[in-house]
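Engineer: Here the sequence shown is numbered in numbering that gives the first Met the number 0, starting from 0 and rising by one per residue.
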Amino acid sequence: MESEKSAPSSSSAERTLRVLQYLAERSQPVPLAELSNELDLPKPTVHRMCQLLLDLKMIKHDVADKTYLIGPALQKLAMDTLTHGTVSQLRHTVLADLVDKVGETCNFTTLNGSSVIYLDRVETRYPWRLTIDVGECVPIHCTASGKLFLAMMPSIKRNYLLRRTELTRLTDQTITEMDQLRKTLEEIQQLGYAEDCQEFITGLVAIAVPVHDAQGKLRAAIAIHGPTSRISMDDLHCMLPDLKQAANRMSDLL
């Protein structure tokens, strides 16, 4: 009797996880009908599951009430998972080793909706530095990591984000023309790394490389940044081999 009672619960849990997985993998808001079709589940069943997930803030509505996106609770769960326990300490060690080699602040970031979130960072020993707390978000269109994520993501997702991203001017170097940004993203695709030439903060330069998981999917980025009074973009280019080596080490810890 006990196994008979647990079977429906297990089946329901499995279906709910399939909904979350599908939403997390999609590049844009998903309508109820698409969820029903792709998961081969009746619409009323999917609607009930989505309502529960909405109540738990695991998913949220987009502008249209009948489309769904991953929600803040699921995003927090993902971040807590990435920053938890032994593996998190190992990732921190990778960053610390990189800082020992290059001498400048190094960051470990990932995409968070239409912005970039800091998962970890190790500061330079120099007193002149930019301090951004773990968990803090920065713009996607004018940071090295942000432009890297935009360049490397599927075109459908990139176009969706760009249509909804305001290219706010933060410095004289910030790219505010969409055509210019798209051209820059094409160059990043070819190069395999992205730069921030004082686009986010005047006097600050940065460079970022991708971190892929075992399946080759882009999951995060590692970036180095520092003040122009101390380093140049040429200096950062010389740090690329160390940066890529750290990214390879980080890939094994995702």
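Quick reminder that beta carbons are idealized off the backbone N, C-alpha and C, glycines included.
What would DSSP say about Ile187, mapped onto helix, strand or coil?
Structural biologist: Here residue 187 refers to the residue found at position 188 of the sequence shown. Correct three-state label for Ile187: helix.
Engineer: Count the CB pairs spanning the segment 102-115 and the segment 222-234 that are closer than 8 Å, and state whether there are at least three.
Structural biologist: The segment 102-115, when compared against the segment 222-234, does touch it at the 8 Å Cβ threshold.
Engineer: Helix, strand or coil for Gly145, going by three-state DSSP, please let me know.
Structural biologist: In the sequence shown, counting from the first residue as 1, residue 145 sits at position 146. Here Gly145 sits in helix by DSSP.
Engineer: Report the rounded CA-to-CA distance for Val137 versus Ser114, giving the unit in angstroms.
Structural biologist: Sequence index remark: in the sequence shown, residue 137 carries index 138 (1-based). Sequence index remark: in the sequence shown, residue 114 carries index 115 (1-based). Rounded to the nearest angstrom, the two C-alpha atoms are 6 Å apart.
Engineer: Is it the case that the Cβ atoms of Ile206 and Glu194 are separated by a distance below 8 Å?
Structural biologist: Taking the first residue of the sequence shown as position 1, residue 206 is located at position 207. Taking the first residue of the sequence shown as position 1, residue 194 is located at position 195. It is a contact, given that the beta carbons lie within the stated cut-off.
Engineer: Could you please give me the residues that DSSP links to Asn106 through a beta bridge?
Structural biologist: Position 107 of the sequence shown, counted from the first residue, corresponds to residue 106. In the DSSP output, where bridge partners are listed per residue, Asn106 has Arg120 and Ala222.
Engineer: In or out: His140 buried (at least 16 other Cβ within 10 Å) or exposed?
Structural biologist: By one-based count along the sequence shown, residue 140 stands at place 141. Buried, because 16 or more other Cβ atoms sit within 10 Å of the Cβ of His140.
Engineer: Between the segment 207-218 and the segment 144-155, are three or more C-beta pairs nearer than 8 Å?
Structural biologist: They touch, by the three-pair rule.
Engineer: Here's the rule: buried if 16 or more other CB atoms are within 10 angstroms of the residue's CB, otherwise exposed. What is Leu118?
Structural biologist: Residue numbering aside, residue 118 sits at position 119 when the sequence shown is read from its first letter. Result: buried.
Engineer: Quick test of the definition: if touching needs 3 or more C-beta pairs under 8 Å, does the segment 178-192 touch the segment 125-135?
Structural biologist: In short, these stretches do not touch, since the Cβ pair count stays below three.
Engineer: Cys237: buried (16+ other C-beta within 10 angstroms of its C-beta) or exposed?
Structural biologist: Against the sequence shown, residue 237 aligns to sequence position 238. That one is exposed.
Engineer: To which residues of the same chain is Ala72 closer than 8 Å at the C-beta, ignoring the five residues directly before and after it?
Structural biologist: Counting from one through the sequence shown, the residue named residue 72 turns up at place 73. These residues qualify, in order along the chain: Leu55, Lys56 and Met57.
Engineer: Can you tell which of Asp96, Val204 and Arg14 has its C-alpha closest to the C-alpha of Thr170?
Structural biologist: By 1-based counting over the sequence shown, the position of residue 170 is 171. With distances taken between Cα atoms, Thr170 lies closest to Val204.
Engineer: Compute the Euclidean distance between the alpha carbons of Pro226 and Gly191, then round it to the nearest angstrom.
Structural biologist: Position 227 of the sequence shown holds residue 226. Position 192 of the sequence shown holds residue 191. The alpha-carbon atoms of Pro226 and Gly191 are separated by roughly 23 Å.
Engineer: Give the secondary structure of Ser35 by DSSP, where H, G and I count as helix, E and B as strand, and everything else as coil.
Structural biologist: Within the sequence shown, residue 35 is the residue found at index 36, counting from 1. Ser35: helix per DSSP, three-state reduction.
Engineer: Is Lys59 helix, strand or coil by DSSP?
Structural biologist: Indexing the sequence shown from 1 puts residue 59 at position 60. Reduced to three states, the DSSP call for Lys59 is strand.
Engineer: Please state whether DSSP places Ile206 in a helix, a strand or coil.
Structural biologist: As a first step, residue 206 must be located in the sequence shown, where it is residue number 207. Correct three-state label for Ile206: strand.
Engineer: Count the other CB atoms, across all protein chains shown, that sit within 10 Å of the CB of Ala12; report buried if there are 16 or more and exposed otherwise.
Structural biologist: Walking along the sequence shown from the start, residue 12 turns up at place 13. So Ala12 ends up on the exposed side.
Engineer: Could you round the C-beta distance between Ile187 and Leu147 to whole angstroms and report it? I think they count as a contact, below 8 Å.
Structural biologist: Start at 1 with the first residue of the sequence shown, and residue 187 comes out as number 188. Start at 1 with the first residue of the sequence shown, and residue 147 comes out as number 148. Right, the Cβ-Cβ distance comes to about 6 Å (below 8 Å), so this counts as a contact.
Engineer: By DSSP, does Thr80 sit in helix, in strand, or in coil?
Structural biologist: Reading the sequence shown from its first residue, position 81 is the one you call residue 80. Here Thr80 sits in helix by DSSP.
Engineer: Need the endpoints of the alpha helix (DSSP H) that Val18 sits in, please.
Structural biologist: Locating residue 18 in the sequence shown gives position 19, counting from the first residue. Segment Glu1 to Glu24, the alpha helix (DSSP H) holding Val18.
Engineer: Does the Cβ of Leu34 have 16 or more other Cβ atoms within 10 Å, making it buried, or fewer, making it exposed?
Structural biologist: The residue given as residue 34 occupies position 35 in the sequence shown. It is buried - the Cβ of Leu34 has at least 16 other Cβ atoms within 10 Å.
Engineer: Have a look at Ala59 and Leu253 and give me their C-alpha separation to the nearest angstrom.
Structural biologist: Mapped onto the sequence shown, residue 59 falls at position 60. Mapped onto the sequence shown, residue 253 falls at position 254. It should be pointed out that residue 59 corresponds to Lys in this sequence rather than to Ala. Rounded to whole angstroms, Lys59 to Leu253 spans 26 Å at the Cα level.
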